[in-house]
Structure formats: structure tokens, C-alpha cells
Amino acid sequence: MPSFAADKADAASAVDRANAAVRYQRREDRTMLLLIAPALIVIVILLVVPLAWLSWQSIYADGFTLENYRRIFTESAYGATFALTFKLSFIVTLVTLLLGYPVAYAAAALPPKLSALVLGLVILPFWTSVLVRTYAWLVLLQRTGLVNKTLLSMGVIDHPLQLAYNQLGTIIAMVHILLPFMVLPLYSAMQKIPENLMHAGASLGGSPLHVFLRVFLPLSLSGVLAGATLVFILCLGFYITPELMGGGRSMMVSMLVSRNVELYDKWGAASAVSVVLLVCVFAIFYAVSRVIPLEKTLGAK
Amino acid sequence: MKRSASGKLVLGAVVVLILLFLIVPVLIVVPLSFSDTRFMTFPPPAYSLRWYEAFVGSPTWMAAARTTLTASVSAALIATPLGVAAAYGIQNGTHWSMRYVRLVLMLPLMVPIIIVAVGVFFVYARTGLVNSMTGLVLADTMLGLPYVLISVSADLRTFDQTQEMVARSLGMNRLRSFMTVTLPQIRSSVISAAVFVFIQALDETVVALFVSGGDKQTLTRRMFVALRDEIDPTIAAISTLLTALTLCLIVTIVVTRRPAARA
Numbered sequence: 001m002p003s004f005a006a007d008k009a010d011a012a013s014a015v016d017r018a019n020a021a022v023r024y025q026r027r028e029d030r031t032m033l034l035l036i037a038p039a040l041i042v043i044v045i046l047l048v049v050p051l052a053w054l055s056w057q058s059i060y061a062d063g064f065t066l067e068n069y070r071r072i073f074t075e076s077a078y079g080a081t082f083a084l085t086f087k088l089s090f091i092v093t094l095v096t097l098l099l100g101y102p103v104a105y106a107a108a109a110l111p112p113k114l115s116a117l118v119l120g121l122v123i124l125p126f127w128t129s130v131l132v133r134t135y136a137w138l139v140l141l142q143r144t145g146l147v148n149k150t151l152l153s154m155g156v157i158d159h160p161l162q163l164a165y166n167q168l169g170t171i172i173a174m175v176h177i178l179l180p181f182m183v184l185p186l187y188s189a190m191q192k193i194p195e196n197l198m199h200a201g202a203s204l205g206g207s208p209l210h211v212f213l214r215v216f217l218p219l220s221l222s223g224v225l226a227g228a229t230l231v232f233i234l235c236l237g238f239y240i241t242p243e244l245m246g247g248g249r250s251m252m253v254s255m256l257v258s259r260n261v262e263l264y265d266k267w268g269a270a271s272a273v274s275v276v277l278l279v280c281v282f283a284i285f286y287a288v289s290r291v292i293p294l295e296k297t298l299g300a301k
Numbered sequence: 302m303k304r305s306a307s308g309k310l311v312l313g314a315v316v317v318l319i320l321l322f323l324i325v326p327v328l329i330v331v332p333l334s335f336s337d338t339r340f341m342t343f344p345p346p347a348y349s350l351r352w353y354e355a356f357v358g359s360p361t362w363m364a365a366a367r368t369t370l371t372a373s374v375s376a377a378l379i380a381t382p383l384g385v386a387a388a389y390g391i392q393n394g395t396h397w398s399m400r401y402v403r404l405v406l407m408l409p410l411m412v413p414i415i416i417v418a419v420g421v422f423f424v425y426a427r428t429g430l431v432n433s434m435t436g437l438v439l440a441d442t443m444l445g446l447p448y449v450l451i452s453v454s455a456d457l458r459t460f461d462q463t464q465e466m467v468a469r470s471l472g473m474n475r476l477r478s479f480m481t482v483t484l485p486q487i488r489s490s491v492i493s494a495a496v497f498v499f500i501q502a503l504d505e506t507v508v509a510l511f512v513s514g515g516d517k518q519t520l521t522r523r524m525f526v527a528l529r530d531e532i533d534p535t536i537a538a539i540s541t542l543l544t545a546l547t548l549c550l551i552v553t554i555v556v557t558r559r560p561a562a563r564a
């Protein structure tokens, strides 16, 4: 049976080839890991290690303790801070959605040139420094600021309103800073909705409103989810604007962390607050990633 | 028909108002920076360059500007090659761990910045990097890496990898084939990535609040501290300069991207 030997040799060389391919792939993977290593090392040392340490610190101080967490869940000051942070984040997300939706809709529906203009007007503030924009709102909203002066001269009010250094000012400035994070994912979802679907809806006798509600709106929901997630999560950890605009009275979670580290040197308390905030953020990311890929949500940023 | 036309008009007006809300606060600091009074009155009673002179004439503001520019340029120069290498590795790697590696590299975008700042401060306090340029550059590099990864990965995914294979089969080594075949074709996303890292470093405030100080304070850190006390018009001048710089960079990106889009 000469062909049997030949088969065997064939099989052996096939196995060799397969082994060679596997070896090649392994070598290839090692090269790739080597290429990734420098970036990975930077992030592991500066971020992953400190996060692990924060978690450890929150439960260990000369012995295992849940004291830091007990305080978060029982002391009213902590509870109030978390409640306020979630409340403000919810308001800001809702307002940015209401303001962002028509802008994204216009950018998707307008002819290319006008659409580019609308997007440009969204992207310019997007890339302007957060600090600069907070400063601009301080100038606009202060007692003698432009908004109060205009309202006074128009006779709408007879005393300057307290607009800055409180929650209202914080919300206004945060909405302004985070609005582009809502518009861009909304726009990228809306842009993919085929126009003929709208025509089809209209040709079947649907009124514009009906077509919008039954066709366009449902198809844009992935953008709504991506934008709302991004804005909500950025709100939860926002620091600069609430610190400068809040007037020191309304405490957000980020301010609690910073105060505990900078002023009181209470690392255990800061760590526990950080861990709770992180768990909230990761839980939201995880829940949303079940519906739309994480990359899509983060892409806009 | 008439109803839908008036509906469009209302929608148009609403959109214009929202766009004004977006753009006016960004532009309002420009005329204020040229005002000649301390008070933030609008329109300014008279124009002058006194706040720009106050900025340029102040050794502390100038030192801060130098620190920020040095840190931002260095971070862009380091994060870009690191990020491109990582994006290339993830694109071509087949190991099961790649998904998780990618997730770890995206962490700086996901973790709230205040927690990042506290963590970096912890590492630096132990390694003596607080108030150092090295520390600042490393932190900005870490924060910039996800931007490089997002920008370059998107481009690499649509890039036809067989071109590089051809170059290698013709005897080029991997590095040379990447440099001569792949890199020129993903050039625009690499340039945007570097610009993103630079702008991000320029704007970074929270980490700098924790880890920079003394003569190694960044511009935004000094601005933040100054704003806690009073609204000094010098900040309007600095803000205008920062916004102008950012605008120029964005225009650069748009210009470098156009040829790639046409091709």
C-alpha cells in the first residue's frame, strides 16, 4: 500500500505546517504584546495600581474595617452629597438631551454645507477648555454680569438675580460644557437613518409628526442612550465647574473626594467614596454595553 | 403643508438659539480680554491690551505658560508613538486577552478624573514625582493614550493590511514596511491623535491641581486657583489665547484630513 505511506507523509507535513502556523501565530502575538506593553505599563502604573490601592485602603487601616463604608451609608452628609450628585446629573442629562436633540436633528437633516456649520458650532466649544468655559459663565452670570444687566435694562427684573455661585449656575455651566457630548452621538445615530424611510412613512399617509414619532425617534434611540450615558457619567465625576460655580455650599461627590484628601488628609474616607463612585460608573457602563458597544459610547469623547 | 413650513421655522429658530447658547460664552471672553477696566462690563468702555501686558509681564504666569507648553508638547510626542504601537498591536494580535487589554487602555476615559487625580497623586507621593515635570508629562501621556487609540484604531481597521504583507514578502522588515507603507496612509489620524493629546494636556486641570505646584504649576492650575479668589481680567486674556490656539489646531486637523477624505 504505497499510497498509505504517502498519506501518512502528507498528514505529517500537514501537522508540521499546522504546528508552524501555530508557532508563527504565537510569535506574532508575542510581538504584538511587546508593542502594546509600553502604553499598558503607563496605564497600569498610573491608574490600575492606584485604583487597586484605593480599594484596599477603603477597607484596611491597621486591620480590616468597613467603617468608611458604614459612614457613607449612615451619615446624612454623605448621603446628601450622593443624592445631590445624582439629582444634578439627572437634570443636566435631561436638559442636554432636550437641547441636543433638535440641534442633532438639524445637523442630520440640513444640506451638507449648513450641516457642517452647525457641527462646527458644536465642535468649537467641545474643544475649548472646560476651565475657560466655566470662567465665561462666571462672568456672564455674576451679579453685575451680562445676563443680569440685560434683564435689568429690559425691565424684566428690578434686582440682580443670584445666578452664579449656586446650583442654578452649576447646572447652566454644566449643560453648556456637556451639550456637545450629547449632540455628537445623537448626530452619528441620526445620520445613519435612511431618508427613504421617512418618505415611505409619509407616502403611507403618516403625518410628519406621526412619522417622526413612529420611525425617526425609535431609530435614534441608540444615539440617545450613548449620549445620555456619556453625559450622565461625566456629570457624576465632574469637578471643576461645581467647585468654582457652586459657591462651596452644594457638595458634589468629586468635591468630597478632593476635600478628604487635600484638607483633611482622610485617605480612607476619600478611598471609600471613590470606590462607591467607581462602582456606579462601571455599573452604568456595563449595563449600557449590553445594549450598545462601549467603543461607540466612548468614541464621541 | 403650511403647518409643516411654520413648524420648520420654529425648529430653525430653536436650533439657532441653542447654537447661540453654545457659542456666545466661548466668544464673550474675547472682547472682555481687550477691555481697559477691571470690571467685566460689556461692551467694554474702552479697549486696551493691558491684560495681555499683565499676562506677558508676569514672571509667574509666564512660568506657568512654559510649564504647560512643555508638558503638552512632550505628552503629545510620547503618547502618540506609544498609542500607535498599541493600536497596531491590538489590531494584529489574536490573543484572547486583546479585548481586555483594550479595555484597560481605555480606562483613563472611563474613570472619573478626580479619582484619576487622587490615584496619580498617591503614586507620585511615593516616588517623589510631585511638582516635577516628569510627573506632569507622564500623567498627561496616560490621559492622552485613549485618544490616540480611538483615533488610530478606527483608521487601522479600514486599512488594507495585505499591503504591508506585500512589502514584507518583498523583503522589507516589519518596522520599515510599517513606516513606508502603513504610516503614510494613516497619517491624518496620527496627526489628529497628537493634536488631541496636546489639547487634552493643555486643558488638564484636576490632576495638575494635585500633582503640580511651585514653579512647575500649569497654566490651568494657576487659573483655577486665581478664579477661586476673584475674577481677574488677566484670565480673560489667557482664555482668549488658549481658545485661539485650540481653534488653530482644530483647523489644522480639518485641513490635514481633507486630502485623505478625497482619496
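Chains as they are written, first to last, in this note's numbering: chain A, 1 to 301; chain B, 302 to 564. Yeah, the Cβ is synthetic: ideal placement off N, Cα and C, and Gly gets one too.
Note down the Cα distance separating residue i from residue j, rounded to an integer number of angstroms.
{"i": "residue 272(A)", "j": "residue 408(B)", "result": "19 Å"}
{"i": "residue 48(A)", "j": "residue 209(A)", "result": "49 Å"}
{"i": "residue 564(B)", "j": "residue 474(B)", "result": "Reliability of the predicted coordinates at residue 564(B) is poor, the pLDDT of 36 falling under 50, and the value obtained from them is presented with this limitation in mind. Answer to the nearest angstrom: the Cα atoms are 27 Å apart."}
{"i": "residue 302(B)", "j": "residue 397(B)", "result": "Low local confidence applies: a pLDDT of 45 at residue 302(B) is under 50, so the model's placement there is unreliable, with the coordinate-based value given in what follows. If you take the alpha carbons of residue 302(B) and residue 397(B), they lie about 57 Å apart."}
{"i": "residue 435(B)", "j": "residue 513(B)", "result": "10 Å"}
{"i": "residue 544(B)", "j": "residue 129(A)", "result": "7 Å"}
{"i": "residue 127(A)", "j": "residue 23(A)", "result": "46 Å"}
{"i": "residue 280(A)", "j": "residue 12(A)", "result": "55 Å"}
{"i": "residue 1(A)", "j": "residue 8(A)", "result": "Summary for residue 1(A): the model assigns pLDDT 49, below 50, so the residue's position carries little reliability; its value from the coordinates is reported in the next sentence. Between residue 1(A) and residue 8(A), the C-alpha separation is close to 11 Å."}
{"i": "residue 298(A)", "j": "residue 266(A)", "result": "32 Å"}
{"i": "residue 441(B)", "j": "residue 133(A)", "result": "21 Å"}
{"i": "residue 225(A)", "j": "residue 337(B)", "result": "47 Å"}
{"i": "residue 169(A)", "j": "residue 393(B)", "result": "48 Å"}
Does the beta-carbon of residue i have 16 or more other beta-carbons within 10 angstroms, so that it is buried, or is it exposed?
{"i": "residue 549(B)", "result": "exposed"}
{"i": "residue 562(B)", "result": "Residue placement at residue 562(B) is poorly supported in this model, since its pLDDT is 44, which falls under 50; the coordinates still yield a value, given next. It is exposed - the Cβ of residue 562(B) has fewer than 16 other Cβ atoms within 10 Å."}
{"i": "residue 522(B)", "result": "buried"}
{"i": "residue 317(A)", "result": "Beyond the ends of chain A as shown, which are 1 and 301, falls residue 317(A); an answer cannot be given."}
{"i": "residue 466(B)", "result": "exposed"}
{"i": "residue 26(A)", "result": "exposed"}
{"i": "residue 247(B)", "result": "Past the boundaries of the shown model lies residue 247(B); chain B is included only from 302 to 564, so the question cannot be answered."}
{"i": "residue 176(A)", "result": "buried"}
{"i": "residue 444(B)", "result": "buried"}
{"i": "residue 30(A)", "result": "exposed"}
{"i": "residue 64(A)", "result": "exposed"}
{"i": "residue 246(A)", "result": "buried"}
{"i": "residue 517(B)", "result": "buried"}
{"i": "residue 148(A)", "result": "buried"}
{"i": "residue 142(A)", "result": "buried"}
{"i": "residue 157(A)", "result": "exposed"}
{"i": "residue 111(A)", "result": "exposed"}
{"i": "residue 464(B)", "result": "exposed"}
Give the range of the alpha helix (DSSP H) segment to which residue i is assigned.
{"i": "residue 394(B)", "result": "Element bounds for residue 394(B): n/a, residue is neither H nor E."}
{"i": "residue 199(A)", "result": "195 to 203"}
{"i": "residue 67(A)", "result": "67 to 74"}
{"i": "residue 531(B)", "result": "Unbroken run through residue 531(B): none, as it is neither H nor E."}
{"i": "residue 233(A)", "result": "221 to 236"}
{"i": "residue 167(A)", "result": "167 to 190"}
{"i": "residue 286(A)", "result": "267 to 289"}
{"i": "residue 511(B)", "result": "507 to 512"}
{"i": "residue 453(B)", "result": "434 to 459"}
{"i": "residue 420(B)", "result": "414 to 428"}
{"i": "residue 411(B)", "result": "399 to 411"}
{"i": "residue 478(B)", "result": "475 to 478"}
{"i": "residue 261(A)", "result": "253 to 262"}
{"i": "residue 501(B)", "result": "488 to 504"}
Name the chain A residues that come within less than 7 Å of residue i, Cβ to Cβ?
{"i": "residue 414(B)", "result": "237 and 239"}
{"i": "residue 395(B)", "result": "25 and 29"}
{"i": "residue 409(B)", "result": "43 and 47"}
{"i": "residue 440(B)", "result": "46"}
Counting only Cβ pairs nearer than 7 Å, list the residues of chain B close to residue i.
{"i": "residue 270(A)", "result": "419"}
Have a look at the DSSP bridge pairing and note the partners of residue i.
{"i": "residue 348(B)", "result": "336(B)"}
{"i": "residue 60(A)", "result": "64(A)"}
Using the beta-carbon of each residue, which ones in chain A are nearer than 8 Å to residue i?
{"i": "residue 424(B)", "result": "45, 46, 49 and 50"}
{"i": "residue 391(B)", "result": "32 and 36"}
{"i": "residue 326(B)", "result": "125, 133, 136, 137, 140 and 176"}
Taking residue i as the query, report the chain B residues whose CB atoms sit under 8 Å from its CB, ordered along the chain.
{"i": "residue 135(A)", "result": "330, 524, 528, 532, 536, 537 and 540"}
{"i": "residue 278(A)", "result": "412, 413 and 416"}
Report the neighbours of residue i on chain A: residues whose CB is nearer than 9 Å to its CB, in chain order.
{"i": "residue 406(B)", "result": "36, 39, 40 and 43"}
Using the beta-carbon of each residue, which ones in chain B are nearer than 9 Å to residue i?
{"i": "residue 181(A)", "result": "Residues of chain B passing the Cβ test: none, with the nearest at roughly 12 Å."}
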